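Have a look at the structure below, then the notes.
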Amino acid sequence: MPFHEKSVAIKVTQLLATRVGSPSDGYVTDLAYTRHHHASLDPGKAVWVATRAGLTTPAIRTACELGFGQGLSLAIHASAGETQWWGVDLIPEHVEFARSLLDEPAARERLVCASFDEFDTRADLPRFDFIALHGVWSWVSPQNRARITAFIDRRLAPNGIVYVGYNALPGWSPALSLRELLVASAAQVDSARLEDRIDAAMDFVTQLVAADPRILDSQPQFAKQLREIRSKKKSYLAHEYFNRDWHPMHFSQVATELTPIGLSYLGQADFSDSYDQWRLSETQRGLLGEIDDVVLRETARDVILDRRFRRDYWRRSEGAVTGSSCNLLEARLWVPPKVGLSKASAPAEVPAEVIVWVASLGAAGSIVTRSLDTAADRAALGYALGQGWVELAREPAVTAASRDRVAKINRRLLELVAADSEISVLASHLTGSGVEVGWWTLALLSAMRCDTRANAVIDQVLAQAERLGIALARAGFALTPEETRQELQTRHSALVTQADIFRESFAI
Ligand SMILES: C[S@@+](CC[C@H](N)C(=O)[O-])C[C@H]1O[C@@H](n2cnc3c(N)ncnc32)[C@H](O)[C@@H]1O
Numbered sequence: 007m008p009f010h011e012k013s014v015a016i017k018v019t020q021l022l023a024t025r026v027g028s029p030s031d032g033y034v035t036d037l038a039y040t041r042h043h044h045a046s047l048d049p050g051k052a053v054w055v056a057t058r059a060g061l062t063t064p065a066i067r068t069a070c071e072l073g074f075g076q077g078l079s080l081a082i083h084a085s086a087g088e089t090q091w092w093g094v095d096l097i098p099e100h101v102e103f104a105r106s107l108l109d110e111p112a113a114r115e116r117l118v119c120a121s122f123d124e125f126d127t128r129a130d131l132p133r134f135d136f137i138a139l140h141g142v143w144s145w146v147s148p149q150n151r152a153r154i155t156a157f158i159d160r161r162l163a164p165n166g167i168v169y170v171g172y173n174a175l176p177g178w179s180p181a182l183s184l185r186e187l188l189v190a191s192a193a194q195v196d197s198a199r200l201e202d203r204i205d206a207a208m209d210f211v212t213q214l215v216a217a218d219p220r221i222l223d224s225q226p227q228f229a230k231q232l233r234e235i236r237s238k239k240k241s242y243l244a245h246e247y248f249n250r251d252w253h254p255m256h257f258s259q260v261a262t263e264l265t266p267i268g269l270s271y272l273g274q275a276d277f278s279d280s281y282d283q284w285r286l287s288e289t290q291r292g293l294l295g296e297i298d299d300v301v302l303r304e305t306a307r308d309v310i311l312d313r314r315f316r317r318d319y320w321r322r323s324e325g326a327v328t329g330s331s332c333n334l335l336e337a338r339l340w341v342p343p344k345v346g347l348s349k350a351s352a353p354a355e356v357p358a359e360v361i362v363w364v365a366s367l368g369a370a371g372s373i374v375t376r377s378l379d380t381a382a383d384r385a386a387l388g389y390a391l392g393q394g395w396v397e398l399a400r401e402p403a404v405t406a407a408s409r410d411r412v413a414k415i416n417r418r419l420l421e422l423v424a425a426d427s428e429i430s431v432l433a434s435h436l437t438g439s440g441v442e443v444g445w446w447t448l449a450l451l452s453a454m455r456c457d458t459r460a461n462a463v464i465d466q467v468l469a470q471a472e473r474l475g476i477a478l479a480r481a482g483f484a485l486t487p488e489e490t491r492q493e494l495q496t497r498h499s500a501l502v503t504q505a506d507i508f509r510e511s512f513a514i
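The end of the sequence shown is residue 514 by the numbering used here, with every number in the run present.
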């Protein structure tokens, strides 16, 4: 190995993986991660996907999230549903934040600050009906993945469900060289601060792209990827790109690690597999339809879609999931209230059938039971669920039990929003999960608790946004100050009009 390469390798080991052999095993612990809610971590969605596949799934009483990060998803699901949640994460700041969202001391105690390895030695863990990990699988070492699969093997109950959300191939392939360069150039920087090393690495790669490298001919996505990540927060970049380990995977590779422990693929947690007719051409559907082997079919589907991220449910079962679906299917559905600019696809891209179907459910706040006898109904539901236009509603008897817990966590979220631009979700006892309402709506709701005057509320939200350095945007362009004020006035009026629906939906 030439000298300069050798020195890079040594520094990579020193600076990015200072904790080799320690519990973190190369995972960056210098910066806390961002705060998100992931709907796929909701056990109710997993049960729905199993039901859709014609399987009887026992109630999910116990669940565990491995590498829960800031724990927003876990705390929301523990508060809004009836499942007893456990969780583990390496970073003390994460665990402290997650615990601060929970009211019950016992629920807090179940969030453990430890490595996967240490956690697995506990004698008090139950068998879990649901084990979930999002943004972990492709960022940890092969040894840690082996620990995760051993944990699942030991701790997953019969018929239990596993959720894995991970960086997939081939979608991430243009970023493989980018990530190598970022890591190698960060390692050259003589600073103990990860933020400095990230800055220097970004500058280096920007210079390299400006020098017109040939990779841009074969992989034009390389420059696009760099542009994209330049706008991201360092707390995100640190965890996404600067770990020692980064292993985006094909579905077939993940299957190689999960099938030996008796797991069979169940379906997509984002429901995108329910509306192939709107995503794939007839030829593509025909080709996939002829593949019996689920591993080959999913891997081929990812190549067709150039997929970058997968959210998969797997199930422990005696026999493989056949893929035959339940014919008589009924769902209790809720139309959540929404105000403000929609982040969803442009209306022109939304299939007309979906618009009609969603409208048929009724206005915001409606709860209806629908039979989903046709493939068209199921496709429309899958699309609408993926967009958050409709949610799976729980029975009234269950929702009453979690209303108080929901009121408490939502009060906490409304307190946090003034100083935290990443908080954008409210828990709902109606669904047992979280509903994305966006920072601005949350900030308005928070300010409206103390002041009934529209202008005072809007001034307060504008001042908070300025302090946090955030702006409203439409179609990627920041609104002017006048447009922003106007938009907030519209939202404020909508919130006043829908006050009852918001109260009923979120116990606020
Ligand atoms: C990219 S973050 C994802 C966090 C969260 N699941 C989310 O999606 O917001 C990965 C998380 O896994 C945790 N982690 C990584 N290696 C771990 C280990 N060996 N034991 C426990 N937690 C670990 C990290 O501390 C970090 O919070």
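Glycine residues also receive a C-beta, built at the ideal position from the N, C-alpha and C atoms. Only a predicted model underlies this, so the values are computations on that prediction, with no experimental measurement involved.
Own chain residues within Cβ distance below 6 Å of residue i, not counting five before or after
i    : result
R116 : W92
W363 : A386
R317 : S46, G171, A275, D276
V34  : A244, F248, N249
V443 : L432
Local conformation of residue i per DSSP, three classes
i    : result
N165 : strand
D223 : helix
G50  : helix
N249 : coil
Y33  : coil
R233 : helix
A216 : helix
L61  : coil
S452 : helix
V412 : helix
Run of the beta strand (DSSP E) containing residue i, from where it starts to where it stops
i    : result
S434 : 431 to 434
R338 : 336 to 340
I137 : 134 to 140
F74  : Note, F74: premise wrong, no beta strand (DSSP E); not H, not E.
I373 : 373 to 377
D95  : 90 to 95
A117 : Contrary to the premise, residue 117 reads as Leu rather than Ala in this sequence. Element bounds for L117: 117 to 119.
V441 : 439 to 442
Rounded C-alpha distance that separates residue i from residue j
i    : j    : result
E124 : R409 : 34 Å
T68  : I167 : 11 Å
I361 : T212 : 42 Å
A161 : R128 : With the sequence shown as reference, residue 161 is identified as Arg, and Ala is not the correct amino acid for it. Distance between the alpha carbons of R161 and R128: 11 Å.
M208 : R151 : 29 Å
S430 : L200 : 27 Å
E246 : R459 : 42 Å
I507 : A399 : 15 Å
R41  : V374 : 32 Å
R233 : P266 : 40 Å
A416 : V441 : Sequence inspection shows Asn at residue 416; the Ala mentioned does not correspond to that position. Approximately 11 Å between the Cα atoms of the pair.
A65  : E397 : 19 Å
D279 : D312 : 15 Å
L422 : H44  : 19 Å
E71  : D218 : 44 Å
V146 : S434 : 32 Å
T437 : T289 : 38 Å
V215 : L188 : 12 Å
Same chain, Cβ closer than 8 Å to residue i, five either side skipped, listed in chain order
i    : result
G329 : With a pLDDT of 48 at G329, under the threshold of 50, the predicted position of this residue should be treated as unreliable, and no value is reported.
H498 : L450, M454, A460, V463, I464
R491 : I464, L468
R133 : T68, R161, L162, A163, G166
E336 : T375, R376, S377, L378
A522 : Because the chain in this structure spans residues 7 to 514, residue 522 falls outside the shown range and cannot be described.
Residue interval of the alpha helix (DSSP H) (run including residue i)
i    : result
H100 : 98 to 106
W178 : Per DSSP, W178 belongs to no alpha helix (DSSP H) and is neither H nor E.
T496 : 487 to 503
T319 : For the sequence presented, residue 319 should be read as Tyr rather than Thr. No alpha helix (DSSP H) contains Y319, which is instead part of the beta strand (DSSP E) from 315 to 322.
D383 : 381 to 393
E359 : 358 to 366
G295 : 288 to 295
S258 : 257 to 264
Whether residue i touches residue j by CB criterion (8 Å)
i    : j    : result
A120 : A104 : no
R314 : A403 : no
A38  : H100 : yes
A190 : R203 : no
P342 : Y389 : no
R153 : W252 : no
F228 : S179 : no
E355 : A382 : no
R303 : I297 : yes
Residues near residue i in its chain [Cβ-Cβ closer than 7 Å; skip 5 each side]
i    : result
L269 : V168, W320, R321, R322
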